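Below is one structure, written out as structure tokens; comments come after it.
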Amino acid sequence: MTWQPHITVATIVEDNGRFLFVEELKNDKLVLNQPAGHLEPDETLREAAIRETLEETGWDVELTGVVGIYLYTAPSNGVTYQRVCFAAKPIKHHPGRELDTGIVGAPWLTRDELAHQPDRWRSHLVLDCVDDYLAGPLHSLDVVRN
Numbered sequence: 242m243t244w245q246p247h248i249t250v251a252t253i254v255e256d257n258g259r260f261l262f263v264e265e266l267k268n269d270k271l272v273l274n275q276p277a278g279h280l281e282p283d284e285t286l287r288e289a290a291i292r293e294t295l296e297e298t299g300w301d302v303e304l305t306g307v308v309g310i311y312l313y314t315a316p317s318n319g320v321t322y323q324r325v326c327f328a329a330k331p332i333k334h335h336p337g338r339e340l341d342t343g344i345v346g347a348p349w350l351t352r353d354e355l356a357h358q359p360d361r362w363r364s365h366l367v368l369d370c371v372d373d374y375l376a377g378p379l380h381s382l383d384v385v386r387n
């Protein structure tokens, strides 16, 4: 059997101290996550982050930097994910846009509001990425090559 990590992207979207999250149904439970998802064939990491954010939240965003690259093995299934986390600013909301299957909403929360709900995080990466964004530094988008 060949071990292959799954490549994913996530986007930290911040506006005046509030962060855009995805509320999604996972195993019959509503969990919080950044807009995030898998890289698709023939897609760049940047394109994936912009696409996933729009599909899951209805927001067009402009990427502003790279927060970090994370390796996470899900305890539920043993699958390893490599997450490239971007920072972005919100550009335009499309409130009538239908969100991806399983997405219930796209709330804006402060870091403290998120921190007080650990039972709702999809994984510890949800708060880790916000904290890394806040602590800095934000890396140039140039570190991500196509």
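Take the sequence shown: its letter number 69 is residue 310 in our numbering, and every next letter is one higher.
Even glycine gets a Cβ: it sits at the ideal position worked out from N, Cα and C.
Please read these numbers as outputs of a predicted model, since none were measured by experiment.
- Here P282 is not bridged, per DSSP, to any residue.
- Residue environment for P378: exposed (fewer than 16 other C-beta atoms within 10 angstroms of its C-beta).
- With 16 or more other Cβ atoms from the protein chains shown falling within 10 Å of its own Cβ, P276 counts as buried.
- Note on R324: 16 or more other CB atoms within 10 angstroms of its CB, so buried under the neighbour-count rule.
- Look at D301 here: in three-state DSSP terms it is strand.
- For E354, no beta strand (DSSP E) run applies; the uninterrupted alpha helix (DSSP H) run containing it begins and ends at R352 to A356, by DSSP.
- Within the same chain, Cβ atoms closer than 6 Å to the Cβ of V384 are found at V307, the five residues on either side in sequence being excluded.
- By the neighbour-count criterion, in which 16 or more other beta carbons inside 10 Å mark a residue as buried, E303 falls on the exposed side.
- Closest option to S364, judged by alpha-carbon separation, among K330, E339, T342 and Y313: Y313.
- A distance below 8 Å between beta-carbons, with the five flanking residues on each side excluded, links V367 to the following residues of its chain, in chain order: F262, L273, N274, Q275 and L355.
- Here the alpha carbons of F260 and P348 stand approximately 8 Å from one another.
- When the five nearest sequence neighbours on each side are left out, the beta carbons in the same chain lying within less than 8 Å of the beta carbon of T249 are those of A277, G278, H279, L280, Y322, Q323, R324 and V325, in order along the chain.
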